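Heads up, the thing below is written out as structure tokens.
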Amino acid sequence: MDENNLVIDHDMLYRDVIKSDAQGNEFLQLHEPQLDGPQLRVLGKTRLGYRQLNAERWVAAPLYLIELTERGTRKLVGKPTKDGKEACLLLRFRVDGADADRGDAEIIAETLVIDDNIESNTGESFDRKDVKLQLYTMLSAEGGASNYWLDSGSVSPK
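If you're matching positions, the sequence shown starts at 190 in the working numbering and goes up one per residue.
Written out as structure tokens, the structure is:
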């Protein structure tokens, strides 16, 4: 997501992630299981978001924030690179906790996590202790407010 809250097509990591099985049950799948997913190039604080329409001009909603930890920053910043570009991390994601056997009335509790295979163009070794992924669904969290909307997501029929 850029500073104008847009997700430009060439920055899109995933499309059409809601899949259906033969019985019509929906599930979340970022990419085909036998393939490595796309890599996100992270230079520092990075916002992940989504847009509801397939149109670049459509404003995206924030969803997650990626930040380097102090340890990760020390290992990355100012280091020479193998490709002559700015030092960066290359991250892949996966979904944990997806349960295909849950009933329609159950709460969906999938969690996006950074995959263990973190790469860098510096030659340094990185792991998930070097980077932090957190919910970040509000554009502004002032006065010590939470970075994400506190909503149960429960809808009761009338």
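In this text, a Cβ means the ideal position worked out from N, Cα and C, and glycines have one as well.
Since the model is a prediction, treat every value here as computed from it, not as a measurement.
Within the same chain, Cβ atoms closer than 7 Å to the Cβ of L202 are found at P227 and L229, the five residues on either side in sequence being excluded. In this chain, the beta strand (DSSP E) harbouring L324 covers V320 to L324. DSSP, reduced to helix, strand and coil, places K208 within a strand of the structure shown. Under DSSP, I197 shares a beta bridge with no residue. Under the three-state reduction of DSSP, L202 is assigned to coil, being neither helix nor strand. Around the C-beta of D285, fewer than 16 other C-beta atoms lie within 10 Å, and the residue is accordingly described as exposed. Spanning the alpha carbons of P222 and E192 requires a straight line of approximately 32 Å. For G213, no beta strand (DSSP E) segment is defined, and its DSSP state is neither H nor E. Boundaries of the alpha helix (DSSP H) around R263: E259 to L265. Taking Q218 as the centre and dropping the five residues before and after it, the same chain places the C-beta of V206 and K208 closer than 7 Å to its C-beta, in chain order.
Collapsing the DSSP output to three states places R240 in coil.
Bounds of any beta strand (DSSP E) do not take in F315, whose DSSP letter is neither H nor E. Under the DSSP assignment, R230 falls in the beta strand (DSSP E) whose first and last residues are L229 to V231. Rounded to the nearest whole angstrom, the C-alpha separation of E245 and T262 is 32 Å.
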